[in-house]
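Q: Residue 1 is where the sequence shown starts when you use UniProt numbering, and the numbers rise one by one after that.
I am attaching a structure below and will ask some questions about it afterwards.
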Amino acid sequence: MNRHDNEPRYKKYDFNSEQDRRRQRRKQYSGWWFALLILIVAIGLAFSINWLVTRNDHKQGTSTASISKTVDKSKKVTDQNDSKGNLTKKVEDNRVSAFSDKLETAKENGLTPQEQGQLQSSINNEKNKAVKTRQQQLLNRVRAKPRPAKPKAADPFATTHTFSSVNDAKNWANATKQQWLKDGYVNYTITSNGQGYYVLKFIK
């Protein structure tokens, strides 16, 4: 009997060859690399979008600031021109004419000191030098109506005063001495009127 008769008559084959195992490992590695690549691309897109948004906001802010500066500069130039007298002749004449109308209205009933003060305040508030000069010339030509003089109080020492006794007459004369001396009187007399009364008279 042959000794090899008991050995199995089939061969073992290894289907998982070294080459197949390498392919599997490559597939695993390529999956990780692909995921990592997607992550890097996503992060890059996020940074790009953020940069674009920030840049647009910066541009918009810069544009707004530039517009504001332009408006402020224009207003400043306008104010400077107005104060220096760089107005058109028509605008200047209109302002002076309006002031002249106010002045004529006030003159109709006589320009009072109060009205004159109000017109002067209007001139002082005028920014344009040329207009201010012309308005001041108009106001200077008009004189304010003088205030009515206060009626002079009656002189209490110009008339005689009657008392029932000499002492009463003297007491009143002494009590009012400062006033009648101030009014120009220098002395006084006390005389009887023959009816039991005494007449006080002040002398200048």
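Glycine is no exception: its CB is placed at the ideal position from the N, C-alpha and C atoms.
DSSP three-state label for Lys201, please.
A: Mapped onto the sequence shown, residue 201 falls at position 201. Three-state result, Lys201: strand.
Q: Helix, strand or coil for Phe163? Go by DSSP, reduced to three states.
A: On the sequence shown, position 163 is the one that residue 163 refers to. In this structure, Phe163 counts as strand in the three-state DSSP scheme.
Q: Could you tell me the distance, in whole angstroms, from the CA atom of Phe157 to the CA atom of Val186?
A: For this step, residue 157 is matched to residue 157 along the sequence shown. For this step, residue 186 is matched to residue 186 along the sequence shown. The straight-line gap from Cα to Cα measures roughly 11 Å.
Q: Exposed or buried, which one is Gln135 when buried takes at least 16 other CB atoms within 10 Å?
A: Position 135 of the sequence shown holds residue 135. Its Cβ being crowded by 16 or more others within 10 Å, Gln135 is buried.
Q: Return the chain-ordered list of same chain residues with a C-beta closer than 6 Å to the C-beta of Phe163, the five sequence neighbours on each side being excluded.
A: Along the sequence shown, one-based indexing puts residue 163 at 163. Correct list, in chain order: Ala169 and Tyr198.
Q: Excluding the 5 residues preceding and the 5 following Trp180 in the sequence, name in chain order all residues of the same chain whose CB lies nearer than 7 Å to its CB.
A: Taking the sequence shown and counting its residues from 1, one reaches residue 180 at position 180. So the list reads Phe157 and Phe202, once near-sequence residues are dropped.
Q: Specify the secondary structure class of Thr133 as computed by DSSP and reduced to three states.
A: For the purposes of this step, residue 133 is identified with residue 133 of the sequence shown, where counting begins at 1. Three-state DSSP puts Thr133 in a helix.
Q: To the nearest angstrom, report how far apart Phe99 and Leu52 are at their CA atoms.
A: The sequence position of residue 99 within the sequence shown is 99, counting from 1. The sequence position of residue 52 within the sequence shown is 52, counting from 1. Answer to the nearest angstrom: the Cα atoms are 59 Å apart.
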